[in-house]
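Each residue of the sequence shown is one higher than the one before, starting from 214 at the first, in the working numbering. From the three backbone atoms N, C-alpha and C, an ideal C-beta is built for every residue, glycine too. See structure below.
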Amino acid sequence: MDLRKSKLFRREKMQPLQRKDYLKVAVMCGVIIVPLLVGLVL
Numbered sequence: 214m215d216l217r218k219s220k221l222f223r224r225e226k227m228q229p230l231q232r233k234d235y236l237k238v239a240v241m242c243g244v245i246i247v248p249l250l251v252g253l254v255l
């Protein structure tokens, strides 16, 4: 079970970033950065 999981995880890690992943990263960065910017402006 663990071996199969690690293999799947490794395979996913090896895959190049897909557009969905980029969107996820962008949304996460936005969620973190926007409040900081708003805090600085206010």
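Expressed to the nearest angstrom, what Euclidean distance is found between the alpha-carbon atoms of L250 and V238?
-> Looking up residue 250 in the sequence shown gives position 37. Looking up residue 238 in the sequence shown gives position 25. Computed Cα separation, rounded: 18 angstroms.
CA-CA distance, M241 and D234?
-> For the purposes of this step, residue 241 is identified with residue 28 of the sequence shown, where counting begins at 1. For the purposes of this step, residue 234 is identified with residue 21 of the sequence shown, where counting begins at 1. Between the C-alpha atoms of M241 and D234 there is a straight-line separation of about 11 angstroms.
Separation of D215 from I245, as counted between CA atoms | Counting from 1 along the sequence shown, the entry for residue 245 is found at position 32. Counting from 1 along the sequence shown, the entry for residue 215 is found at position 2. Approximately 33 angstroms between the Cα atoms of the pair.
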